[in-house]
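Per UniProt numbering, the sequence shown starts with residue 1, numbered consecutively.
A quick write-up on the structure given underneath.
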Amino acid sequence: MIDKTVASAAQAVADIPDGASLAVGGFGLSGNPIALIEALLAQGTSDLSIVSNNCGVDDWGLGVLLNAKRIRKMTSSYVGENKEFERQFLSGELELELTPQGTLAEKLRAGGSGIAAFYTQTGVGTQVSEGGLPRKYDGQGGIAIASPKKDVRTFDLHGEPREFVLEESITTDFALVHALRGDRHGNLVFNKSARNFNPLAAMAGRVCIAQVEELVEPGELDPDSIHLPGIYVHRIVEVGTGIEKRIERRTVSVSEGA
């Protein structure tokens, strides 16, 4: 039996070195692998290049690594509610590769599937394909690094010629993901919207580390209910059902007559 469990989050991330690239699951604050992120913070790993939909908020999620100046580059589709993210980017302290959300998802999936690149209509006719998007500022309002021009080709789609831009896939040294439950073989089940980027991030990492709220024995998960097969997961750590979960903006409806 292949038992992929490790005893703690600290043990799970212990070999992630300075300068590593990471794919991290989560959308907003949903499905963030916070125990693994905090373990990475505690061990002092720095100069990280991280691929994730967003960078958490100032005091939670990937924002805790950002605040500690541990992140060199973010590849994201959404800057979001993080003021420190904005400050570091505009001051030239942080490199940012801003990527359309669907394209980012497909770049991760393609990387995990062994596909080097793909063509998409998203971004054609914009700076995404034409280049010139600021990736890093020089701290004085100028652009230190700009996005490159990408290959654009015309393909026939539904009998109509259309332009497509070439996007390279993404693979990373490690992946950090959060799941509702998993078994010792690494098979994972995600909970509703917390599924988001987690399976895609897991696929893209050469070494995938999963934190799960509940660890079960092999055979306890219904095969038809497994969202990510264990072939993509290399380490799994149980963090318990009481782990903190945050909401960026709590919105409630007003009842009639209130």
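Glycine is no exception: its CB is placed at the ideal position from the N, C-alpha and C atoms.
Being a predicted model, the structure only gives us computed values, none of them experimental.
Asked                                                                                                                                                             : Found
Between which two residues does the alpha helix (DSSP H) containing residue 149 stretch?                                                                          : No alpha helix (DSSP H) contains residue 149, which DSSP labels as neither H nor E.
Would you kindly report the start and end of the unbroken beta strand (DSSP E) that includes residue 117?                                                         : 117-120
Rounding to the nearest angstrom, what Cα-Cα distance links residue 186 and residue 151 in this structure?                                                        : 38 Å
Let me know the secondary structure DSSP gives residue 226 once reduced to three states.                                                                          : coil
Report whether the distance from the Cβ of residue 32 to the nearest heavy atom of the ligand ZN is below 7 Å.                                                    : Ligands displayed in this structure: none; no statement on the ligand ZN is therefore possible.
To the nearest angstrom, how far is it from the Cα of residue 205 to the Cα of residue 64?                                                                        : 21 Å
Exposed or buried, what is residue 144 when buried is set at 16 or more other beta-carbons lying within 10 Å of its beta-carbon?                                  : exposed
Counting Cβ pairs, one atom from each stretch, are 3 or more of them under 8 Å apart for the region 40-59 and the region 72-83?                                   : yes
What is the C-beta distance between residue 165 and residue 212, in whole angstroms, given that I count them as a contact (C-beta under 8 Å)?                     : With 8 Å as the limit, residue 165 and residue 212 do not qualify as a contact, their Cβ atoms being about 37 Å apart.
Can you tell me whether residue 172 is buried or exposed? The criterion is at least 16 other CB atoms within 10 Å of its CB, across all chains shown.             : buried
Tell me which residues share the same chain as residue 181 and place their Cβ nearer than 8 Å to its Cβ, disregarding the 5 neighbours each side in the sequence. : 188, 189, 212, 213, 214, 215, 216, 221
Hey, how far is the Cα of residue 174 from the Cα of residue 34?                                                                                                  : 15 Å
Would you identify the three-state DSSP class for residue 65, choosing helix, strand or coil?                                                                     : helix
Let's test the definition: count the other Cβ atoms within 10 Å of the Cβ of residue 83 and tell me whether it reaches 16, buried, or not, exposed.               : exposed
Does the separation of the CB atoms of residue 106 and residue 118 fall below 8 Å?                                                                                : yes
Is the beta carbon of residue 24 sitting closer than 8 Å to the one on residue 62?                                                                                : yes
From residue 198 to residue 108, what distance separates their C-alpha atoms?                                                                                     : 10 Å
With distance defined between alpha-carbon atoms, name the residue in 228, 89, 201 nearest to residue 71.                                                         : 89
Which value, in whole angstroms, describes the spacing of the CA atoms of residue 120 and residue 201?                                                            : 20 Å
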